[in-house]
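Note sheet for the following structure.
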Amino acid sequence: MLIKIKRGWELPEHAATPEHLYWNRRSLLKGLAAGPILAATSGLLSGCDEAPPREAAAAVEEPDPSAGFYPVTRNMRYRLDREITDEALATTYNNFYEFGSSKNVWQKAQALPIRPWTVRIGGMVENPFDIGIDELLAKMPLEERLYRHRCVEAWSMAVPWSGFPLKALVDLARPLSAAKYLKMVTFLDPSVASGQKASWYPWPYVEGLTLAEATNELAFIATGLYGKPIPKQNGAPLRLAVPWKYGFKSTKSIVLFEFTDQRPKSFWEEIQASEYGFWANVNPEVPHPRWSQASERVLGQSEKVPTLLFNGYGEFVADLYKDLDPVKDKLFM
Ligand SMILES: Nc1nc2c(c(=O)[nH]1)N[C@H]1C(S)=C(S)[C@@H](COP(=O)(O)O)O[C@H]1N2
Ligand SMILES: [Mo]
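Position in the sequence shown (first residue = 1) + 102 = the numbering used here.
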């Protein structure tokens, strides 16, 4: 495969947010949520179209039975070349079509019941089983990772996910050797998710990875965000985070992990295969049929920044694709 990989360690480390500034900003946000000074300081967020409603930060503080698990220790292997996105932006500017096609769905998503929440591990495994989210959380090695996130629509953010490597779940599932893919499926409940009443979409939301991708160290199941249980609008109680791929691969609110020997057809592939393929690896040089992927708008910033091959994660994942043809196999679409 003819791809020049820029390694992560070549990225400018000086741009990463120092820890103490990060924590100060968090307490600043908390203070804003709690007190009436928000109005006076809301100019901080103006000048961008994502200024969140003032209730946003308060709503994500709802009690959650898994709250005691967080915060978890940050794994310093996964670093950023940019500042962490403000929590109030990352939790109020969302894609979650189950609750509507606008970015402003965070309030509607609060209707999603997340307890009890049963995850089915099925398909080609030694013994299919169901497991409740809290039992799963207790079994899994929780850690925090700073990851970039690049939406196919050319906006991006950088957030602290908490959760566990997807590989830990694959090991728990014990797939049969014939299994080649992992399919992940979102809940289906049109009574709480009004977007699912739109019959022209192929609900439920489905995504898939090869098992080699699913067991790559970067593939992560996020159960927390900003040191707390993950908000509903970001995919509670568990969602995928595969930062080298376009954001739509990162399925939210998963109820089924199914091991299979058939390549899963994803939600977006079903809708428009010529624009949203199976691999969907980030590449600034391969434009979307309707727009360039060369740069991205970072949430909260007015300047665009260049998009990186594999979203900057080539050192971790480029090897996965070395036997494939980028064009014929549509690796970047
Ligand atoms: N079930 C489900 N998962 C989903 C989506 C969705 O609409 N439904 N949108 C995807 C897209 S396009 C993106 S960019 C990310 C957005 O995640 P965020 O809202 O936490 O930023 O979720 C992905 N996962
Ligand atoms: Mo996206």
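Heads up, the beta-carbon is just placed ideally off N, CA and C, and yes, glycines get one too.
request  = Would you decide whether Leu-134 is buried or exposed? Buried here means 16 or more other CB atoms lie within 10 Å of its CB.
outcome  = On the sequence shown, position 32 is the one that residue 134 refers to. A caution first: Leu-134 carries a pLDDT of 40, below 50, which makes its placement in the model too unreliable to give a value.
ask   = Under three-state DSSP, which class holds Glu-246?
value = Locating residue 246 in the sequence shown gives position 144, where the first residue counts as 1. Strand.
inquiry  = Here's a check: name, in chain order, each residue in its chain whose Cβ is nearer than 8 angstroms to the Cβ of Leu-239, leaving out the five neighbours to either side.
reply    = The count along the sequence shown starts at 1 and reaches residue 239 at position 137. Here the set comprises Ser-168, Phe-171, Thr-325.
query = Three-state secondary structure (DSSP) at Leu-140?
reply = Within the sequence shown, the letter at position 38 stands for residue 140. The pLDDT assigned to Leu-140 is 36, lower than 50, so where the model puts this residue is not dependable; a value taken from the coordinates is nonetheless given after this. Note: Leu-140 maps to helix in three-state DSSP.
ask   = For Ala-136, which residues of its own chain have a beta-carbon under 6 angstroms away from its beta-carbon, when the five flanking residues on both sides are left out?
value = As a first step, residue 136 must be located in the sequence shown, where it is residue number 34. For Ala-136, the pLDDT reaches just 38, beneath the cut-off of 50, and the residue's location in the model is therefore unreliable, leaving the point undetermined.
inquiry  = If the criterion is Cβ atoms closer than 8 angstroms, does the pair Glu-214 and Phe-359 meet it?
reply    = In the sequence shown, the residue the question calls residue 214 occupies position 112. In the sequence shown, the residue the question calls residue 359 occupies position 257. Note that residue 214 is Leu in the sequence shown here, rather than Glu. Result no, Cβ atoms of Leu-214 and Phe-359 do not sit closer than 8 angstroms.
ask   = Which one or two residues does DSSP pair with Lys-347 in a beta bridge?
value = The count along the sequence shown starts at 1 and reaches residue 347 at position 245. According to DSSP, Lys-347 bridges with Asn-383.
request  = Would you decide whether Met-178 is buried or exposed? Buried here means 16 or more other CB atoms lie within 10 Å of its CB.
outcome  = The residue given as residue 178 occupies position 76 in the sequence shown. It counts as exposed.
request  = Report yes if the CB atom of Glu-246 is closer than 8 angstroms to the CB atom of Pro-267, and no otherwise.
outcome  = The count along the sequence shown starts at 1 and reaches residue 246 at position 144. The count along the sequence shown starts at 1 and reaches residue 267 at position 165. The answer is no: Cβ separation not under 8 angstroms.
Shell residues, 7 angstroms Cβ cut-off relative to heavy atoms of ligand 2 = Asn-197, Cys-253, Val-254, Glu-255, Tyr-348, Gly-349, Phe-350
inquiry  = Can you tell me whether Thr-325 sits near ligand 1, meaning its C-beta is under 7 angstroms from at least one heavy atom of the ligand?
reply    = On the sequence shown, residue 325 is found 223 positions in, with the first residue counted as 1. No - ligand 1 has no heavy atom lying nearer than 7 angstroms to the Cβ of Thr-325.
query = Taking all protein chains shown into account, do 16 or more other C-beta atoms lie within 10 angstroms of the C-beta of Arg-341, making it buried, or fewer, making it exposed?
reply = Translated into positions along the sequence shown, residue 341 becomes position 239. Looking at its Cβ environment, which holds 16 or more other Cβ atoms inside 10 Å, Arg-341 is buried.
Trp-219, enclosing alpha helix (DSSP H) - first and last residue = Against the sequence shown, residue 219 aligns to sequence position 117. From DSSP, Trp-219 is part of no alpha helix (DSSP H); its letter is neither H nor E.
task = Can you tell me which of Pro-277, Lys-282, Val-344 puts its alpha carbon nearest to the alpha carbon of Gly-265?
result = Numbered from 1 along the sequence shown, position 163 holds the residue referred to as residue 265. Checking every option, the nearest Cα to that of Gly-265 belongs to Val-344.
task = Take Lys-205 as the anchor and find which of Met-435, Gln-335, Lys-430 has the nearest alpha-carbon.
result = Indexing the sequence shown from 1 puts residue 205 at position 103. Nearest option by C-alpha distance: Gln-335.
inquiry  = Taking the straight line between their C-alpha atoms, what separation do you get for Gln-364 and Tyr-283?
reply    = Walking along the sequence shown from the start, residue 364 turns up at place 262. Walking along the sequence shown from the start, residue 283 turns up at place 181. If I take the Cα positions, the gap works out to 7 angstroms.
ask   = Looking only at C-alpha atoms, which of Ser-368, Tyr-415, Pro-165 sits nearest to Ile-216?
value = Here residue 216 is taken as the residue at index 114 of the sequence shown, counted from 1. Ile-216 has its Cα closest to that of Pro-165, out of Ser-368, Tyr-415, Pro-165.
query = Along the chain, where does the alpha helix (DSSP H) that runs through Ala-281 open and close?
reply = Position 179 of the sequence shown, counting from 1, holds the residue named residue 281. Careful: Ala-281 lies outside any alpha helix (DSSP H) and carries neither H nor E.
request  = Could you round the C-beta distance between Val-221 and Tyr-378 to whole angstroms and report it? I think they count as a contact, below 8 angstroms.
outcome  = To locate residue 221, count along the sequence shown from 1; it is residue 119. To locate residue 378, count along the sequence shown from 1; it is residue 276. 25 angstroms between Cβ atoms; not a contact.
query = So the beta strand (DSSP E) Gly-414 belongs to, where does it begin and stop?
reply = On the sequence shown, residue 414 is found 312 positions in, with the first residue counted as 1. Run containing Gly-414: none; DSSP gives neither H nor E here.
task = Kindly list the residues whose CB is nearer than 6 angstroms to the CB of Phe-434, restricted to its own chain and excluding five residues on each side of it in sequence; keep chain order.
result = As a working mapping, residue 434 is identified with position 332 in the sequence shown. Asn-383, Asn-385, Val-388, listed in sequence order.
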